[in-house]
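Here's the structure we're looking at; comments come further down.
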Amino acid sequence: MWKTVRMSQDGAYPGDFMPQNVNCPRVKLGQELPGVAFRGHLRSLPKLKETTSSSHASHGNHKENSPFLNAAEAVKGGDYYDRNLALFEEELDIRPKVSSLLGKLVNYTNLTQGVKEHEEAESTDGSKKKVSKSPSMGTLMGVYLPCMQNIFGVILFLRLTWMVGMAGVLQSFLIVLLCCCCTMLTTISMSAIATNGVVPAGGSYFMISRSLGPEFGGAVGLCFYLGTTFAAAMYILGAIEILLTYIVPQAAIFHASGAHDASSAMLNNMRVYGTLFLLLMAVVVFVGVKYVNKFASLFLACVVVSILSIYAGAIKSIFDPPEFPICMLGNRTLSREYFDVCAKTVVKDNITVASKLWEIFCHTTNLTTENCDEYFLMNNVSEIAGIPGAASGILKDNLWSNYLEKGEILEKAHHPSVDVAGQKNNLHLYVLSDIATSFMVLVGIFFPSVTGIMAGSNRSGDLKDAQKSIPIGTILAIVTTSLVYFSCVLLFGACIEGVVLRDKFGDAVNKNLVVGTLSWPSPWVIVIGSFFSTCGAGLQSLTGAPRLLQAIAKDNIIPFLWIFGHGKANGEPTWALLLTALIAELGILIASLDMVAPILSMFFLMCYLFVNLACAVQTLLRTPNWRPRFKYYHWALSFLGMSICLALMFISSWYYALVAMLIAGMIYKYIEYQGAEKEWGDGIRGLSLSAARYALLRLEEGPPHTKNWRPQLLVLLKLDEDLHVKYPRLLTFASQLKAGKGLTIIGSVIQGNFLETYGEAQAAEQTIKNMMDIEKVKGFCQVVVANKVREGIAHLIQSCGLGGMKHNTVVLGWPYGWRQSEDPRSWKTFIGTVRCTTAAHLALLVPKNVSFYPSNHERYNEGNIDVWWIVHDGGMLMLLPFLLKQHKVWRKCKMRIFTVAQMDDNSIQMKKDLATFLYQLRIEAEVEVVEMHNSDISAYTYERTLMMEQRSQMLRQMRLTKTEREREAQLVKDRHSVARLESLYSDEEDEGDPVPENIQMTWTKEKCDAEKRNRGSAVGSFRDLISIKPNQSNVRRMHTAVKLNEVIVNRSHDARLVLLNMPGPPKNTDGDENYMEFLEVLTEGLERVLLVRGGGREVITIYS
């Protein structure tokens, strides 16, 4: 029946007797291995091999493999589950030690949580993966300069002077202010979103789709894509305009056959050259993006040099204005293209002869006047300075607007002239307005010159510290560019003559670029600089747009775009580049810079509108994941930004605005597929029901993303005999944790028969609702009647909630006084509930000493919330203090995070890693790593374990003798007995039948002898209690509890609240009572403790 088994050092003592059959007779308590201590080891027998014994350490230091860990894990090393964490060892395979996890957590590419798409992308090509360089770009190179390069562009050089001439300095200031306010407010919103976690590639599309969902994300992503594509077309048209108008006008293919065909010939030239340029740029992008990126800094240098030359020219114009005379006929501006001398007659060899101007207007070389233009004859020809200089006082003439209709002649106000009609066929000799202008038109044309603010967030993956660089770099870039625009508006108004400003193509100044006439040392500085910068900006747009389309296509939210997710072997988006080139070609066929600019304004404004909406929605919803490191945002600012975007869209072009919104709306509905069912019902209530039903069905589609996870609480309340809430502070705690958001269900169990106790259940529900109102808990109440309380709790845990609106966290009260009570039902119910929540994969919160928790009227003006992070179980420990701090009671408390380092851990590195991880989580907390050395098990621990086991064994013996007595009793049922209302944490199921009041005994001689023997063996058993040797597993667990408690009390004795990982209950139910003792020891001497147990899923993420 018995055999001796020698076991390795990690097993039992050598020479211990082990039963071959589990159902063996009960062993005497005084023997080497008592049944109680041994029972836990029986399961491990099949796993442990019989090995030769090795030398042993001292008596108290035996190490045992946990019976519940598989052998493979045990072999990893004797110290893998070290003595200091023995209390958590049963679950270390699913809830790893913090030290073993921190290194992975910090490097987000191999994080155990986060964006699924990125994890999949990395895992698919693991074999080819190279060691990636760590991102190293700072704020200047990574954000500030790219934003500057993207913001400054073709409009500054080609259209800003014209805008100042048409709108005047004051209205130009207003246009610049409106556009810059729009981008600044959008940047504030974007900074909040971009610093709310790690933003991988995809930039604005990624930010919006992850903030507002795939429908908005797809719609805005495509708007941003179309905007960027049309921007490429605009930059190419700008480059062609500079090339054909100012650099090589003779390269034009089409020439005007008549005076009125000039504009159409120019448009055709733009179309041909634009298409050629587009093809060339597409080839460059296809061949290698790296070349584009290498030349980016060169293109930026061109822009900076050009702007500096404007400032230099403006300063020089104060004392030495450049010579650019303008020829005026009366108050009309003449085009210099057709003549050289600005006079009606010239003197040659002392003879006055007709000038070229006379020939043009009078159609003769003689000084006869029969065929002369009447206006020419009546008005004098004069020359005025095109650039009077900053000291000339021209600013007061340029303050006010001077909008023109299409074909109107540019006139100088207050210049002497006789107002008579001239010949219509001579109109081409004057400088004419080529389009009708107004404030609205100019807003649409100017807005593209402030876009480009996303350049920093688009390259967040390359930044050393994206959460710091993106806000600072982008805001500085906007401030810089805004100052440049404001100063340029002022300088242009103060230095350049009004008619020259209104001359879009520089006809009055010998076909010079108007802004070039002001620059120093030469107009060519700006002409060449602006040409290269526009080419560079076009290349950048053609590089960025296909990548954005590829990101949208890879997300697979718009099925018909799937083909554009593919590309070359190195990931370059070939098909997306082809589509981008085709769409850009549409912009080039429009051929007019002034027509293309409002189109891309619309798409960018749509994008910025949704960025502001995303920030406002997130701020108002206050989701737990919304923790931006950038603090200077507010939902009101986001709404203001949104309003300005909407206003600018309709100001610049109401029909383009409607088309852009229609496109975005169609994309939204397509992605949503069939969308919300139009079953509105009748009245507002019908609408609410329909919306609730639709929302619940949408929630049912899958588990929430980590970012959307928030604790949805099921609070298990205990009622006393009068149906009053026994611990109302549980409700207070729930209200402080929820801050009025999300789902809260208050559950309670009444023991009895539903048919008989329905009235009591209704009364209990009303009592709980009243208490919920007092404690300001917004939620639902559910009271269940069950025969056994434990079953009632299991029903609540399984069935509360509806569809996707289910609880994911259970709040459970601590069974106070369980040690003093002879009745084990209270703590057995508690442990049963813990097991139920674990089985259901729910998180569990156990507030201990809940009556000491603060009420809603208290305020903590100082103090700490201490988190003891011992094992990682999904990040609940991080999230809970953050949520509590949203409530006014805890707002001013500081958060401290302690984690435990073992002997073999690098505590300095752990502290750095933990600080980095918290920085990425946007959680502000003090970090401390506490070193726990492998000290010997103390005599106190040994004694404490011994007392615990003796007490447990004694109670078991008492229950045993009591049960044997009761078996002899004749049970008499009392018909008039009233079913007593049991408390929540009690149960009948383990204790056999209840003892009746009257027991009638019938004795026989055999029974009398048996009773004497039982009493004798009981007395012997009580004597044997003294000789118990404690189970080694229990000693190690007690050692963990004692050591951790020592450290926690030492560091956190004055904390307002201590949050602590709750060890799981033993898988072997015989150790339940010991488990309660371990929890008591672990939390001894702490005033307010919250034991936290994760539900087995990640609840916090570093991603945006």
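10 is the number of the first residue of the sequence shown in the working numbering; add one for each residue after it.
Where a beta carbon is used, it is the ideal one built from N, C-alpha and C, also for glycine.
Residues near residue i in its chain [Cβ-Cβ closer than 6 Å; skip 5 each side]
| i | result |
| --- | --- |
| Phe385 | Phe370 |
| Val534 | Ser318 and Ser528 |
| Leu725 | Gly756 and Leu821 |
| Val938 | Thr908, Ala910, Ser916, Met919 and Lys920 |
| Ala394 | none |
| Ser478 | Thr148, Gly151, Val152 and Leu472 |
| Gly322 | Leu527, Ser528 and Trp529 |
| Ile693 | Only weak support is given to the placement of Ile693: the predicted model assigns it a pLDDT of 45, under 50, and the question is left unresolved by the model. |
| Lys348 | Note that residue 348 is Phe in the sequence shown, not Lys. Closer than 6 Å at the Cβ level, and outside the excluded window around Phe348, lie Lys365 and Leu366. |
| Ala335 | It should be pointed out that residue 335 corresponds to Ile in this sequence rather than to Ala. Correct list, in chain order: Ile393, Gly395 and Ala517. |
| Tyr677 | Glu224 and Ala228 |
| Pro637 | Ala201, Thr204 and Asn205 |
| Glu681 | Glu224 |
Enclosing alpha helix (DSSP H) for residue i [first to last residue]
| i | result |
| --- | --- |
| Lys4 | Nothing can be reported for residue 4: it is not among the residues displayed for the chain, which extend from 10 to 1113. |
| Phe455 | Phe448 to Phe455 |
| Cys504 | Ala475 to Cys504 |
| Ile1123 | No answer is possible for residue 1123: it lies beyond the span of the chain, which begins at 10 and ends at 1113. |
| Pro863 | That residue, Pro863, is in no alpha helix (DSSP H); it is neither H nor E in DSSP. |
| Gly756 | No alpha helix (DSSP H) contains Gly756, which is instead part of the beta strand (DSSP E) from Thr753 to Gln760. |
| Val173 | Leu169 to Ala203 |
| Val605 | Leu602 to Leu630 |
| Leu740 | Arg738 to Lys747 |
Residue closest to residue i, alpha-carbon to alpha-carbon, out of the options
| i | options | result |
| --- | --- | --- |
| Val936 | Ala291, Phe907 and Gly1094 | Phe907 |
| Pro890 | Phe648, Asp882 and Trp899 | Trp899 |
| Gly453 | Ser218, Arg168 and Gln627 | Arg168 |
| Thr766 | Thr170, Val792 and Glu332 | Val792 |
| Tyr244 | Asn359, Asn865 and Leu609 | Leu609 |
| Val786 | Leu723, Ala772, Ile653 and Asn762 | Leu723 |
| Leu955 | Phe1087, Phe742 and Leu764 | Phe1087 |
| Leu1068 | Trp877, Val1108 and Glu940 | Trp877 |
| Tyr862 | Ile592, Leu602 and Arg738 | Arg738 |
| Gly788 | Ala803, Trp823, Leu740 and Trp827 | Leu740 |
| Gly872 | Val859, Arg1102 and Ala934 | Ala934 |
Any non-hydrogen atom of the ligand ZN within 8 Å of residue i CB
| i | result |
| --- | --- |
| Glu98 | In the structure on display, the ligand ZN does not appear, and there are no ligands present to speak of. |
Sequence-distant residues of the same chain with beta carbon closer than 7 Å to residue i, five excluded per side
| i | result |
| --- | --- |
| Ala248 | Phe286, Phe540, Thr543, Cys544 and Gly547 |
| Lys106 | Leu94 and Val880 |
| Leu893 | Gln745, Leu746, Ile874 and Trp899 |
| His942 | Met912 |
Residue range of the unbroken beta strand (DSSP E) whose run includes residue i
| i | result |
| --- | --- |
| Lys357 | Thr354 to Lys357 |
| Cys790 | Phe789 to Ala795 |
| Arg1102 | Val1098 to Arg1102 |
| Ala363 | Ile360 to Ala363 |
| Ala394 | Val390 to Ala394 |
| Met885 | Looking at the DSSP string, Met885 is not in any beta strand (DSSP E); the run it does join, the alpha helix (DSSP H), is Met885 to Leu893. |
| Cys336 | Pro334 to Leu338 |
| Val296 | Note, Val296: premise wrong, no beta strand (DSSP E); alpha helix (DSSP H) at Ala271 to Val296. |
Cβ neighbours of residue i in the same chain (closer than 8 Å, five flanking residues each side left out)
| i | result |
| --- | --- |
| Leu376 | Thr354, Thr361, Val362, Ala363 and Trp367 |
| Gly580 | none |
| Leu288 | Ala590 |
Residues sharing a beta bridge with residue i, DSSP
| i | result |
| --- | --- |
| Met780 | Looking at the DSSP assignment, Met780 forms no beta bridge with any residue, so it has no partner. |
| Trp878 | Thr908 |
| Cys818 | In the sequence under discussion, the amino acid at residue 818 is Thr, which differs from the Cys named in the question. For Thr818, which the question treats as bridged, DSSP gives the partners Leu722 and Ala852. |
> Is the number of C-beta pairs between the segment 573-592 and the segment 552-562 that are closer than 8 Å three or more?
Replying inline: Taking a cut-off of 8 Å for Cβ pairs, the segment 573-592 and the segment 552-562 touch, as three or more such pairs fall below it.
>> Taking 8 Å as the cut-off, does the segment 614-624 touch the segment 464-473 (at least 3 CB pairs, one atom from each stretch)?
In response: no
> So does the segment 1083-1101 actually touch the segment 182-195, counting three or more Cβ pairs closer than 8 Å?
Replying inline: At 8 Å Cβ cutoff, the stretches do not touch.
> Any contact of the segment 575-592 with the segment 160-167, i.e. 3+ C-beta pairs under 8 Å?
Replying inline: no
> Hey, is the segment 621-641 in contact with the segment 192-207, meaning 3+ C-beta pairs nearer than 8 Å?
Replying inline: yes
>> So, does the segment 420-432 touch the segment 513-527, judging by three or more C-beta pairs under 8 Å?
In response: no
>> Could you check whether the segment 335-342 touches the segment 424-432, counting it as contact only if at least three pairs of C-beta atoms, one from each stretch, sit closer than 8 Å?
In response: yes
> Below 8 Å, can you find three or more Cβ-Cβ pairs linking the segment 700-707 to the segment 808-818?
Replying inline: yes
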